[in-house]
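Okay, so here's the structure we're looking at.
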Amino acid sequence: MNTPELKKKLAALWKESLNAADDKISLILNGYLDPDLVAYEEAAGGDIVAAVMGIPYDFGNSECHVKALFLVGLATKSHFRSRGIMTRLLSKINDTAREKGFVFSFLIPPDEGLRKYFKDRDFVNGFYRVVDNYTSLHDFDNEYESILQEQKEKVADLKRNLFKSLKVGVYDVADADAQAVRDNIKALIRKIESSQQDLQIIHSDRDMDLAIEHNMVAGGQIYYVKNPSGAISAVAFCTFSDSAVSINKLFASDMASKCKVLSLIKKSNPTHGICHVIPSIEMDRAALWMRTYGSFMKDAPQAGAVSITERVYSLAAHAKVCGMVKILNFAEILKFQANLRHDLKYSILVKGESISQLEQLNVRDGQLSIKKMQDDQENPMRHTHVMTKRDIGEILFRRRDTDNLITEAFGIPSINGAISLLPEI
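Remember, the working numbering sits 1208 above the position in the sequence shown when you count from 1.
Structure representation (structure tokens):
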């Protein structure tokens, strides 16, 4: 099937089976369609009755990264469901991804029922997030001032003056400087992601352009802050409901810029609450900061407000699953983690490709070594210490609140994954 025909038939399938909007379908197909990364099944007449499409992403930072495949558009026409078609297509596209060097695939199940479906097909919970809710009465200017109250007077004055000097804006494609603003937004994202740690997504220039377009197509707004030198120092991708603004991703180079963009969002939508979607690892870092340096936040005086300290502690323990992962190359994902964490030291036994084969995985000094061994079927203790690759996947991508016990038992910390600004149908 040629590419234009495949695009047309995928669009028809998604519109019928997923009730997807035309503009979102066009954005994804025009931006990302690669026929080699689509698995589909045709009926006798040539129509596509089921399909799944892959979108490639890098994870990590500018120095250390791995390739992953985001699976979207999983759809089966109603009359062809419950026949195992999607199971076959998932197996097919993951085999293709493995051959092309992707280390894992991932997807975003919309509900608990589909999470169980994917779990039965060897996906594991992999990405977690929390939603930080603010009432319509919240005052972010006041919140930033409360931060400064515990600073030394001269430092507080400098930061207060910086906060006042920050300029705010809303991205509008019709503005004369729209391209310059877009380039500055991308520069900020690129700078932050190039220095990030853990298994966080890295957006290419194309990814960022399409994320901006997707936010616009969804009826959202992109708010930004400029520092005194004219560079954008914070940007927030927002969508709206009748009563709340959802911040789907916020990038900020400093606390002043973060509070400033939050203040802009609040003042632009004075009767709305705010729902800030945050990858759980960001809350983990905030909680660690609080544990290390102690509470310095004070309750804001407005009704219904709580301190940032209280919010961090309460939210960090309530992360919810937002994405699932299927590891395609265990050696590469363990190498990636070892390269980031040179302090790791562990040795584990894993079932190999054949029934009688074991692999001993050893991590030391940022390096992974693999030793192939024969399984001793006569050893009754072997089942107590040999893990499946699924076991490792669940350990690597577990929630952080189980970190201490499992890390002590196996020596393997959570890999700390985070996803954001992904196209949705």
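Ideal Cβ positions, reconstructed from N, Cα and C, are used throughout, including at glycine. Predicted model, so just to flag it, every value in this text is computed and none were measured.
Is the CB-CB distance between residue i and residue j below 9 angstroms?
i: GLN1568; j: LEU1604; result: no
i: ALA1258; j: LEU1297; result: yes
i: ILE1484; j: ILE1455; result: What sits at residue 1484 in the sequence shown is His, not Ile. Yes, these two residues count as a Cβ contact at 9 angstroms.
i: HIS1480; j: ALA1452; result: yes
i: ALA1617; j: LEU1576; result: no
i: ALA1626; j: ASP1406; result: yes
i: ILE1397; j: PHE1459; result: yes
i: LYS1327; j: MET1595; result: no
i: TYR1352; j: SER1471; result: yes
i: GLY1377; j: LYS1434; result: yes
i: GLY1281; j: ILE1633; result: yes
i: LEU1356; j: PRO1436; result: no
i: MET1416; j: LEU1241; result: no
i: SER1427; j: PHE1445; result: Note on residue identity: the sequence assigns Gly, not Ser, to residue 1427. No, these two residues do not count as a Cβ contact at 9 angstroms.
i: MET1294; j: VAL1338; result: no
i: PRO1487; j: GLN1408; result: yes
i: ASP1313; j: ALA1283; result: The sequence shown places Ser at residue 1313, not Asp. No, the pair does not count as a contact, with Cβ atoms beyond the cut-off.
i: HIS1422; j: LEU1279; result: no
i: SER1461; j: ILE1420; result: no
i: ASP1347; j: LYS1474; result: yes
i: ASN1350; j: ILE1489; result: no
i: GLN1565; j: LYS1580; result: yes
i: ASN1537; j: GLY1309; result: yes
i: ALA1247; j: THR1211; result: no
i: SER1622; j: ARG1598; result: no
i: PRO1264; j: LEU1418; result: no
i: LYS1285; j: SER1225; result: yes
Tell me the DSSP bridge mates of residue i?
i: LEU1575; result: According to the sequence displayed, residue 1575 carries Gln and not Leu. The partner list for GLN1575 (beta bridge, DSSP) reads ARG1572.
i: LYS1275; result: ASP1266
i: PHE1459; result: VAL1443
i: LYS1375; result: LYS1434
i: LYS1559; result: LEU1566
i: SER1454; result: THR1447, CYS1483
i: VAL1469; result: Answer is none; VAL1469 lacks a bridge partner.
i: LYS1580; result: GLU1567
i: THR1284; result: ALA1258
i: LYS1534; result: SER1313
i: ALA1364; result: Paired residues: none, contrary to the question.
i: GLY1625; result: LEU1407
At which residues does the beta strand (DSSP E) containing residue i begin and terminate?
i: PRO1487; result: 1481–1487
i: ALA1527; result: Note, ALA1527: premise wrong, no beta strand (DSSP E); not H, not E.
i: GLU1249; result: 1246–1250
Give me the Cβ distance between residue i and residue j, rounded to the nearest whole Å; I'm assuming they're in contact under 8 angstroms.
i: GLY1634; j: ARG1390; result: The question about residue 1634 has no answer, for the chain in this structure spans 1209 to 1633.
i: GLY1601; j: ILE1556; result: About 13 angstroms separates the two Cβ atoms, so there is no contact after all.
i: ALA1219; j: LEU1237; result: 6 angstroms
i: ILE1393; j: TYR1432; result: 6 angstroms
i: VAL1381; j: ILE1541; result: Actually they do not touch by this definition, with Cβ atoms about 39 angstroms apart.
i: TYR1379; j: ILE1430; result: 4 angstroms
i: VAL1425; j: ALA1442; result: At roughly 23 angstroms, the Cβ-Cβ gap does not stay under 8 angstroms, so VAL1425 and ALA1442 are not in contact.
i: LEU1552; j: VAL1571; result: 5 angstroms
i: ALA1464; j: LEU1345; result: Contact doesn't hold; Cβ gap of about 22 angstroms is too wide.
i: THR1548; j: CYS1272; result: Reading off the sequence shown, one finds Leu at residue 1548, where the question assumed Thr. Right, their Cβ atoms sit about 6 angstroms apart.
i: SER1403; j: ASN1269; result: 6 angstroms
Would residue i pass as an interface residue toward chain C - the criterion being a Cβ-Cβ separation below 9 angstroms?
i: LEU1297; result: Among the chains of the structure shown, chain C does not appear; only one protein chain is present.
Just reading off the alpha helix (DSSP H) that residue i is part of, what are its end residues?
i: VAL1389; result: 1386–1402
i: SER1299; result: 1293–1307
i: GLN1545; result: 1538–1548
i: ALA1382; result: ALA1382 -> no alpha helix (DSSP H), and no H or E assigned at all.
i: ARG1598; result: 1597–1604
i: ASN1238; result: 1230–1240
i: GLU1213; result: 1211–1225
Is residue i near the ligand ADP - that is, is its Cβ less than 8 angstroms away from at least one heavy atom of it?
i: ASN1392; result: This structure lacks the ligand ADP, and indeed carries no ligand of any kind.
3-residue-minimum beta strand (DSSP E) runs that sit fully inside the stretch 1407–1431, ordered along the chain: 1407–1410
Return the chain-ordered ranges of every alpha helix (DSSP H) run that is complete within the stretch 1309–1351 and spans a minimum of 4 residues. 1320–1327
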